[in-house]
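S.K.: Residue numbers (the numbering used here): 5 to 176. Handing you this structure, nothing more for now.
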Amino acid sequence: MELKINTEKGLEIINVINKLGLKEKVKDVVIGDEIVRNKKIAVQIKENQYHENVLKLIEKKMTKSEYDSLSTEEQEMFLKENLTKDLIKQGNELNNTKLELSNYIQEYGFDLIYTAIIERFYGNKDLIYKTLASLFNTDIEIIKNQSLNETIKMIKELLECQDLKEVINIFM
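This is the structure in C-alpha cells:
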C-alpha cells in the first residue's frame, strides 16, 4: 500500500523537518543536490541513447512490432546473439552510472536517517513517535516498541512517498 499524505499529515511532516533542522538533508534525499541531479540527467541521456541504439539494431533484423511479439526468452536470445561490443559497453556504462546514482542517494538517505535517529532523536522523540503513528495509522506505543529496523523502513517509505516528493518539488 502506498503512503498517502493529506494536508494535516503533510504539515506534521514539515513541522518535524523544521524542528529537527533537516530541511537541506530531506531536500538532498528527495530531490538531490547538484551532483545527484546531474547524475539523474546523465542516466536519462545514456538510457535514451542506449534504447535508441538497441532499437536501430532490432530494426536491422525485423520490425519493432515483430520484436515486441516475441516472448521474453526469444527477445533475450535475439539480443544475446545480436548485441555488438559497442552496445554491450554502452549498456555497462549505463548500469555503472545508475549504480553511482544509487550509491549517492543511499549515502544521503543514511545521513538523513542517522541525523534524525541518532543526533536529534532524544530531544524530539515524542514528536517523531506521534508523527510516525499518525502517518502510518498506528498507535504510538507500537512505534516505540517495534524494532528499529521497522521504524527505519517507515522513514524510508516516507522519503520515497510520491506525495512528499511533489510537495518538496513545489518549493524548488
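Idealized CB from N, CA, C, for every residue including glycine.
Decide if the region 65 to 75 is in contact with the region 31 to 48; the criterion is three or more beta carbon pairs, one per stretch, under 8 angstroms apart.
M.R.: With a cut-off of 8 angstroms, the region 31 to 48 and the region 65 to 75 do not count as touching, because too few Cβ pairs lie within range.
S.K.: Should Thr-135 be labelled buried (16 or more other beta-carbon atoms within 10 Å of its own) or exposed?
M.R.: With 16 or more Cβ atoms within 10 Å of its Cβ, Thr-135 is classed as buried.
S.K.: Lys-93: which of Glu-51, Gly-25, Glu-6 sits nearest, CA to CA?
M.R.: The option with the nearest alpha carbon to Lys-93 is Glu-51.
S.K.: Given 8 angstroms as the limit, is there contact between the region 9 to 21 and the region 141 to 156, that is, 3 or more CB pairs closer than that?
M.R.: As far as the Cβ criterion goes, the region 9 to 21 does not touch the region 141 to 156, which means the pair count is below three.
S.K.: Using DSSP with H/G/I as helix, E/B as strand and the rest coil, what is Gly-4?
M.R.: The chain is shown only over 5 to 176; residue 4 falls outside these bounds and no answer can be derived.
S.K.: Leu-116: buried (16+ other C-beta within 10 angstroms of its C-beta) or exposed?
M.R.: The residue is buried, with at least 16 neighbouring Cβ atoms inside 10 Å.
S.K.: Thinking C-beta only, is Leu-24 closer than 7 angstroms to Ala-137?
M.R.: No. Outside cutoff.
S.K.: Who are the near neighbours of Leu-163 in its chain, counting only those whose CB is closer than 8 angstroms to its CB and skipping five residues on each side?
M.R.: Correct list, in chain order: Val-30, Val-33, Val-34, Gly-113, Leu-116.
S.K.: Is it true that the CB of Lys-148 sits closer than 7 angstroms to the CB of Tyr-126?
M.R.: No.
S.K.: List the whole-angstrom C-beta distance separating Leu-59 from Glu-161, where the pair is believed to meet the contact cut-off of C-beta under 8 angstroms.
M.R.: Not a contact, Cβ separation roughly 36 angstroms.
S.K.: Quick one: is Lys-43 buried, meaning 16 or more other Cβ sit within 10 Å of its Cβ, or exposed?
M.R.: That one is buried.
S.K.: Our contact map puts Leu-105 next to Val-47 with C-beta atoms below 8 angstroms; I'd like the distance itself, whole angstroms only.
M.R.: Right, their Cβ atoms sit about 6 angstroms apart.
S.K.: If you run the structure through DSSP and keep just helix, strand and coil, what is Phe-114?
M.R.: Phe-114: helix per DSSP, three-state reduction.
S.K.: Going straight from the alpha carbon of Tyr-108 to that of Val-40, what length do you get?
M.R.: Roughly 7 angstroms between the two C-alpha positions.
S.K.: Under the rule that 16 or more other beta-carbon atoms within 10 Å means buried, what is Ile-62, buried or exposed?
M.R.: Buried.
S.K.: Distance check for Thr-76 and Leu-91, CA to CA, integer angstroms please.
M.R.: Straight-line Cα distance between these residues: approximately 19 angstroms.
S.K.: Name the residue from Thr-101, Leu-139, Asp-130 whose alpha carbon lies nearest to the alpha carbon of Asn-10.
M.R.: Per the Cα distances, Leu-139.
S.K.: Determine the burial state of Ile-122: buried for a count of at least 16 other Cβ atoms within 10 Å of its Cβ, exposed for fewer.
M.R.: Exposed.
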